[in-house]
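Residue numbers (my numbering): 153 to 256. Beta carbons are placed, not taken as given, at the ideal position from N, Cα and C, and that holds for glycine. The structure presented is a predicted model; accordingly, all values stated were derived computationally and were not measured.
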Ligand code: SF4
Ligand code: SF4
């Protein structure tokens with residue numbers, strides 16, 4: 153279970169550049185580069201009237217991942233020690249990516 157930094161401050165689940173969810177799902181089944189991945193757990197904060205005040209950051213979340221070409225992917229679980237999700241001003245999950253993707 154990787155530690156995670158997330159730069160997507162427009163996401164409802166972001167708190168202090170950490171994620172508040174218990175599990176996220178990274179997509180990118182055919183990805184050969186970070187740009188073809190995304191965090192499908194993204195929800196736009198604006199759509200929900202702003203930040204979710206009752207979630208707090210989860211420093212031990214699980215990362216499920218469909219990017220099977222990444223060297224950190226083990227049976228669709230991320231085995232990296234640390235990952236960064238990027239996409240600063242994202243308004244859609246497709247604007248996000250796993251910056252830690254490395255092709256096998
Ligand atoms: S974009 Fe993904 S990793 Fe980042 S806060 Fe949102 S759900 Fe969590
Ligand atoms: S580092 Fe690789 S295995 Fe881990 S979430 Fe990112 S793309 Fe998936």
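Excluding its 5 nearest sequence neighbours in each direction, residue 170 has C-beta neighbours in its own chain below 8 Å: 156, 157, 158, 209, 210, 211, listed in chain order. Here residue 219 really is in contact with residue 178; their C-beta atoms are around 6 Å apart, less than 8 Å.
Taking 7 Å as the cut-off, the beta carbon of residue 246 is found closer than this to the beta carbon of residue 190. A direct Cα-Cα distance of roughly 19 Å separates residue 172 from residue 252.
In the structure shown, residue 192 falls within a coil segment according to DSSP collapsed to helix, strand and coil. Inclusion of residue 227 and residue 175 in the CB contact set at 7 Å is not warranted, their separation being larger than that value. Per DSSP, the beta-bridge partners of residue 226 are 229. The closest CA to that of residue 255, considering only 198, 225, 235, is found on 225. 216 is the residue among 238, 187, 194, 216 whose C-alpha sits nearest the C-alpha of residue 154.
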